[in-house]
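Residue numbers (the numbering used here), protein chains in the order written: chain A, 3 to 155; chain B, 3 to 155. Where is the CB? At the ideal position from N, CA and C, for every residue including glycine. All of these numbers come straight from a predicted model, not from anything done at the bench. Please read the structure below before turning to the comments.
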DNA sequence: ACAATTACCTTGATACTCAAGGTAATTTTC
DNA sequence: GAAAATTACCTTGAGTATCAAGGTAATTGT
């Protein structure tokens with residue numbers, strides 16, 4: 003019984019290492035992709051979120067990025083200064099702004115998106131069609147679990 | 003033929019989104035775990051690397067973390083000041099130092115490791131034994147591919 | 001009308017990061 | 001074995017990220 007538990011833990015250890023290392027690799031892949039551009043990782047992430055979901059208010063964007071609106075104000079200011087973003091007044095609620103991508107921002111977004119596409123092609127190539135399908139199905143399943151918080155306590 | 007290609011691309015799009023979102027979730031999970039402690043994400047990562055691989059010289063650590071030695075000097079200085087790390091002179095090569103975890107650093111490392119363990123338990127719980135095995139096997143396979151650079155061009 | 005809330009901005013503080021330039025120790029070359 | 005090259009690390013200056021706390025203006029609730 004004891005031995006069985008130990009073996010179980012060892013496997014979890016192994017899994018943990020696999021996850022951590024994979025995560026680190028993805029991180030540095032992302033880092034290296036971004037460092038070829040004129041924007042930082044955090045800035046690219048912002049661009050990505052707006053590119054994916056369209057223009058939105060500061061508040062919403064801050065929540066999606068997981069930063070305070072204070073942080074976001076500064077980031078958006080800098081990106082707008084460098085012509086990646088545009089800010090539009092909301093006429094309905096004049097406290098609010100909409101943040102959207104400029105043409106330059108869109109170009110950056112598409113370029114980055116393209117890189118991701120490449121990465122995924124590489125993954126499919128590595129795992130093969132059948133296993134890729136399983137793999138991404140697992141990712142989706144886990145993501146749902148992470149959303150509803152199964153993995154949080 | 004054309005339609006088939008389009009369908010293929012759509013699937014890759016879907017995979018790309020799944021990967022990105024999973025990655026983001028993991029990121030915020032890590033962020034929330036770390037924010038309960040006294041150290042930053044980058045600092046925790048440093049502690050983790052030393053905890054996993056034992057004491058090492060600045061140069062080596064910088065390479066593993068993907069930062070310059072200049073950056074590392076400052077980080078190590080701060081963590082040593084706050085008693086998470088100790089620095090040891092290398093008597094063989096007196097230009098070098100070894101960086102190692104203090105007792106406090108070890109405690110922090112074990113705590114964080116424990117959190118990872120929990121996360122992995124959650125994953126296994128979500129996917130089930132059999133599918134977990136597949137999933138982590140896929141991660142390992144991809145990691146190897148990322149190392150040798152299949153996914154880099 | 002007045003109070004409470006909301007959306008955003010500003011400021012001050014800490015941290016991360018790099019590039020460039022510096023020092024001291026070690027290794028290589030002649 | 002002295003000079004040159006390399007290596008390991010440190011320092012400094014500049015840009016970015018981040019938050020908390022406090023401020024303003026607009027909106028909503030009573």
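Delimiting residues of the beta strand (DSSP E) encompassing residue i
i: residue 86 of chain B; result: Where residue 86 of chain B is concerned, there is no enclosing beta strand (DSSP E), given that its DSSP letter is neither H nor E.
i: residue 51 of chain A; result: Taken as a continuous stretch (DSSP letters only), residue 51 of chain A belongs to no beta strand (DSSP E), being part of the alpha helix (DSSP H) at 43-55.
Proximity of residue i and residue j at Cβ, strictly below 7 Å
i: residue 30 of chain B; j: residue 53 of chain A; result: no
i: residue 60 of chain A; j: residue 70 of chain A; result: no
i: residue 57 of chain A; j: residue 102 of chain A; result: yes
i: residue 18 of chain A; j: residue 119 of chain B; result: yes
i: residue 130 of chain B; j: residue 49 of chain B; result: no
i: residue 2 of chain B; j: residue 65 of chain A; result: Any answer about residue 2 of chain B is impossible in this case: the structure gives chain B only from 3 up to 155.
i: residue 122 of chain B; j: residue 141 of chain A; result: no
i: residue 88 of chain A; j: residue 98 of chain A; result: no
i: residue 128 of chain B; j: residue 147 of chain A; result: yes
Environment of residue i [buried if 16+ CB atoms lie within 10 Å]
i: residue 155 of chain B; result: For residue 155 of chain B, the predicted model reports a pLDDT of 44, less than 50, meaning its position is unreliable and no value from the coordinates is stated.
i: residue 76 of chain A; result: exposed
i: residue 47 of chain B; result: buried
i: residue 20 of chain A; result: buried
i: residue 45 of chain A; result: buried
i: residue 114 of chain A; result: buried
i: residue 12 of chain A; result: exposed
i: residue 43 of chain A; result: exposed
i: residue 73 of chain B; result: exposed
i: residue 124 of chain B; result: buried
i: residue 8 of chain B; result: exposed
Boundaries of the alpha helix (DSSP H) in which residue i is found, first to last residue
i: residue 126 of chain A; result: 105-129
i: residue 65 of chain B; result: 60-67
Residue(s) in a DSSP beta bridge with residue i
i: residue 100 of chain A; result: A:59 and A:90
Inter-stretch contact at 8 Å, needing at least 3 Cβ pairs: the stretch 86-104 of chain A / the stretch 125-142 of chain A: As far as the Cβ criterion goes, the stretch 86-104 of chain A does not touch the stretch 125-142 of chain A, which means the pair count is below three.
contact_flag[the stretch 78-86 of chain A, the stretch 20-37 of chain A] where n(CB pairs < 8 Å) is 3 or more: Taking one beta carbon from each stretch, the stretch 78-86 of chain A and the stretch 20-37 of chain A have fewer than 3 pairs nearer than 8 Å; the two do not touch.
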